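Structure record follows, encoded as structure tokens.
Numbering (the working numbering), first residue to last: 133 to 356.
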């Protein structure tokens, strides 16, 4: 179920306004099965999406069939906004449901063409959308920084730095195959390097969590 009050797109919008807005824009909900495409990179943008439940990967698929994960979408997050204010007429990337997922679909035209009253909640939504777009652009920048590094250790270290919290382990929402695709490496190479880094005492892997044990060693990977 969509917890609208916790969704960034609807910050500052009252529940009554939210319900009226969904009716006005003719938003609809759709369920996508595991490994179903919500949209493909050649699709023309028609909707803004919110993941109600499930998990979605945004990825680039190459002609060879190789895939590269841009980032993951989790419950209550917005996606499909990257080209909202651009002149591109296609998404340029795929949105793949990696498990059964329910998605709220808001037509683009609702944002582009506000009603004659230009309601206050509409203004707030556009402002919130720009904030979301900025945050997701930072995710793309972080991804670019990771893949621009040459060694697998550097890629792993930078990925860990981007999520680092000194008070708790780092949760890993991606499985090994997905993480390998995100980092742009093969799964065997990723697994081997993670085990090497653990044996050297740099990190500790426990189930779906990774703890950084030696921050200095990881940082030294980027010394000239």
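Where a beta carbon is used, it is the ideal one built from N, C-alpha and C, also for glycine. No experiment lies behind these values; they were computed from the predicted model shown.
| Check | Outcome |
| --- | --- |
| Three-way DSSP call (helix, strand, coil) for residue 267 in this model | helix |
| For residue 189, the first and last residue of its enclosing alpha helix (DSSP H) | Element bounds for residue 189: not the alpha helix (DSSP H) but the beta strand (DSSP E), 188-193. |
| Residue 242 burial status per 10 Å Cβ neighbour count (16 or more: buried) | buried |
| Stretch-stretch touch, CB-based, cutoff 8 Å, three pairs: the segment 146-164 with the segment 201-215 | no |
| Residue 187, buried or exposed, once every other Cβ within 10 Å from all chains shown has been counted against 16 | buried |
| Residue 326 Cβ short of 7 Å to the ligand MN heavy atom set | Questions concerning the ligand MN fall outside what the structure shown contains, since it holds no ligand whatsoever. |
| Minimum C-alpha distance to residue 339 - residue among 326, 294, 285 and 222 | 326 |
| CB contact flag (residue 184, residue 141, <8 Å) | no |
| Residues bridged to residue 314 [DSSP beta-bridge criterion] | Looking at the DSSP assignment, residue 314 forms no beta bridge with any residue, so it has no partner. |
| Reduced DSSP secondary structure (H/G/I, E/B, other) of residue 133 | A caution first: residue 133 carries a pLDDT of 49, below 50, which makes its placement in the model unreliable, though a value can still be read off. Correct three-state label for residue 133: coil. |
| Span separating the alpha-carbon of residue 284 from that of residue 259 | 38 Å |
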